[in-house]
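A.B. asks: Those letters in the sequence shown? Residues 1 to 147, by full-length UniProt numbering.
For each residue, glycine too, the CB sits at the ideal point set by N, CA and C.
If you're wondering where the values come from, they're calculated on a predicted model, not measured in any experiment.
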Amino acid sequence: MEQDLIRCDIDILGITESYIIKEHVLGFPTNYLKGFPTDYLKGFPTDYLKIYKQGSPRAAIILRTEFKFVPILITRDIVAINLEIDNGNMLFVSIYCSPSEEIDPLLSELGKLLEQFKDKMIVINGDFNAKVQHGAQWNKVKEEKLC
């Protein structure tokens, strides 16, 4: 991931369903990226900052350190920041819903964020697993709730 961030000159990246080993998110090199777990911010790193809930996050955001932002919500499955951009502010959300879990709690949290920032630009990066086959049938209930 580090090479892709540099090669593609990426400013901000939403991540879902990350792979975790011993509370370390694979693909987040510790010597290159520094963390912003929910409860503290350790000095600003040189190039990128990762935002996620410490432990076993399923959603995260990586962004360049020159961006100013305010964390709005950081949970295992939702990371939302108010990001300062040239012409104002933007809500940037990364969200993940497991195929085996109900979508209602996440949609409720997302709805609160959308209501709170309804007058701002909003970007949602998400893996809702709303079109996942369980046995012989599609999960139409989750798909309809998302729509």
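For residue 127, write down the residues that DSSP places opposite it in a beta bridge.
C.D. replies: In the DSSP output, where bridge partners are listed per residue, residue 127 has 96.
A.B. asks: At which residues does the alpha helix (DSSP H) containing residue 115 begin and terminate?
C.D. replies: Its alpha helix (DSSP H) spans residues 104-116.
A.B. asks: Could you say which of 8, 91, 120 and 102 lies nearest to residue 79 if we only look at CA atoms?
C.D. replies: Residue 91 is the option with its Cα nearest to residue 79.
A.B. asks: Measuring CA to CA, which of 6, 5, 4 and 18 is closest to residue 127?
C.D. replies: Ranking the options by Cα distance to residue 127, first place goes to 18.
A.B. asks: Pairing CB atoms from the stretch 64-71 with CB atoms from the stretch 101-111, are three or more of them under 8 Å?
C.D. replies: With the cut-off at 8 Å, the stretch 64-71 and the stretch 101-111 do not touch.
A.B. asks: Got a sec? Which residues, its chain only, sit under 8 Å from residue 76 by beta carbon, not counting five neighbours each side?
C.D. replies: For residue 76, where only same-chain residues beyond five positions count, the Cβ hits under 8 Å are 53, 55, 56, 57, 58 and 59.
A.B. asks: Can you list, in chain order, the residues of its chain whose CB lies under 6 Å from that of residue 84, leaving out five sequence neighbours each side?
C.D. replies: Correct list, in chain order: 68.
A.B. asks: Closer than 6 Å by C-beta to residue 11: which residues in its own chain qualify, once you throw out the five before and the five after it? Chain order, please.
C.D. replies: So the qualifying residues of the chain are 64.
A.B. asks: Which two residues bound the contiguous beta strand (DSSP E) that contains residue 16?
C.D. replies: First-last of the beta strand (DSSP E) with residue 16: 12-16.
A.B. asks: Label residue 131 either buried or exposed according to how many other C-beta atoms from any shown protein chain fall within 10 Å of its C-beta, with 16 as the threshold for buried.
C.D. replies: Flag for residue 131 reads exposed.
A.B. asks: Can the beta-carbon of residue 124 be found less than 8 Å from the beta-carbon of residue 103?
C.D. replies: No, the Cβ-Cβ distance between residue 124 and residue 103 is not below 8 Å.
A.B. asks: How far does the beta strand (DSSP E) with residue 82 in it reach, from first residue to last?
C.D. replies: Run containing residue 82: 78-85, per the beta strand (DSSP E) assignment.
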